[in-house]
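Reminder that position 57 of the sequence shown reads as 59 in the working numbering, one-by-one numbering, no gaps.
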Amino acid sequence: MTTTFPDVTISTDRLVLRPFEEEDVTALSEMMNDEQVIAWTSAPHPYTRADAHDWATRRSHAERTEGRGLVLAVTEFLTHRLVGAVHLRNTDWRTRTAEVGYLTAPWGRGEGYAGESVLAVAQWLFNDRHFERLELRTAADNTASQQVAQKIGCISEGVLRNACIVRTQTADGAWTETRSDLIVWGLVPEDLDDGGYDEYPGHGERYEFRERADVSGQTVGADRK
């Protein structure tokens, strides 16, 4: 049984999803220090350049090579600018299920990039890796993330009470932690087959993926569309 994802690049009409690189460090550190990212993630705060370098060059790649999941930087096709990230995690190889997390940089919001990138990953996961379920979990007050889940066709399946910790900003600008419920969303292949999701600007029903060369230089996959 395969227990790691391939080293893959996924493309839509507007985006390229690829592994993080050292060149992403500056943009990554800026993205992770945004107020919305601080509030809804468990990433270190402040997020230093050293944190960004460690994630871009080592930790994100270890997610794949150690079989836990897959981390992809979301970049604009035309400008190559980093506009977000998608993270497959809590992968269960026996049941072919995984959880997805995602975030969008402040300079990329309002363009539908989060939904477009998560939908492309879901299509790849179901069609090419033969997974049977993708799960999303959103904090109860994170309405923007909930809208992404709804737009790509996820079904709200229930609430996990007091299941996570989020950050809120106080009047003096400091950050404090508080507990939150989690809304569980599920997506299965039939949800996409039904076409029950909103289309995003520039995002068609077809997508493209390319498995990258392994360390020996041997190609481990081919372009498909």
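The beta carbon of each residue, even a glycine, is placed where N, CA and C say it ideally should be.
First through last residue of the alpha helix (DSSP H) which encompasses residue 120: 115-129
Sorted by chain position, which residues of the same chain lie with C-beta nearer than 6 Å to residue 89's C-beta, five sequence neighbours on each side aside? 73, 103
Rounded separation between residue 78 and residue 85 - CA only: 7 Å
Measuring CB to CB, does residue 70 end up less than 8 Å from residue 93? yes
If you compare alpha carbons, which of 67, 75, 190, 62 is closest to residue 135? 190
Pair within 8 Å by beta-carbon distance, residue 116 and residue 185: no
Note down the Cα distance separating residue 212 from residue 80, rounded to an integer number of angstroms. 18 Å
I'd like to confirm something about residue 24: is its beta-carbon nearer than 7 Å to some heavy atom of the ligand NAD, or not? The ligand content of the structure shown is nil, which means the ligand NAD is not present either.
Whole-Å CB distance - residue 75 paired with residue 21, under 8 Å assumed: 7 Å
Give me the Cα-Cα distance between residue 193 and residue 38, rounded to the nearest whole angstrom. 29 Å
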